[in-house]
Amino acid sequence: MAMQTSTTTADTAERRGRRYRSKQERRQIVEETLKPGASVALVARAHDVNANQLFKWRRLYQQGRLGEDAPARLLPVQVTDAVPVVQLGTHRKSKGKKSGNIDIDLGHARVRIEGTADPDCIRAALEGLTR
3 MAMQTSTTTA DTAERRGRRY RSKQERRQIV EETLKPGASV ALVARAHDVN ANQLFKWRRL
63 YQQGRLGEDA PARLLPVQVT DAVPVVQLGT HRKSKGKKSG NIDIDLGHAR VRIEGTADPD
123 CIRAALEGLT R
């Protein structure tokens, strides 16, 4: 009869050589390396952390990504039944001429539109090419 042993996740993590470190713990270790005269290699060895991992944590720290986890905030929301109606086919004339480029690659065809383009014309051209 074989004897069963139960292993916890912490035991499994220890055997694989990995250990979970909270943000607070990582931040504390990184802050040790920022003290004058501190050696990243010595701090890493003291905490049983790979020096390369510690350098990665330092980058995250400098980016502000090892900060305190802020609690979720609720934002005010207003729900209404009214939906704004958008009328198609009515175009406002712009006061000034706007120009630009539109490049469309359909795989079998490439369309380039330069300058001011009429939306109805573009729609008709694309419908013709996608058939």
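Per the working numbering, the very first residue in the sequence shown carries number 3; after that it's consecutive.
We put the CB at the ideal spot given by N, CA and C, even for glycine.
Small disclaimer: the values here were computed from a predicted structure and weren't measured.
#1: Determine the DSSP secondary structure at ASP122, reduced to helix, strand or coil.
#2: Flag this pair as yes or no: are the beta carbons of TYR63 and VAL113 separated by less than 7 Å?
#3: Residue range of the beta strand (DSSP E) that VAL113 falls in?
#4: Count the other C-beta atoms from every protein chain shown that fall within 10 angstroms of the C-beta of THR35, then say buried if there are 16 or more, exposed otherwise.
#5: Have a look at the DSSP bridge pairing and note the partners of ASN103.
#6: ALA126: buried (16+ other C-beta within 10 angstroms of its C-beta) or exposed?
#7: Buried or exposed for VAL45, going by 16 or more other Cβ atoms inside 10 Å?
Answer, in terms of the structure:
#1: helix
#2: no
#3: 112-116
#4: The residue in question, THR35, is buried, as its Cβ has 16 or more Cβ neighbours within 10 Å.
#5: GLU116
#6: exposed
#7: buried
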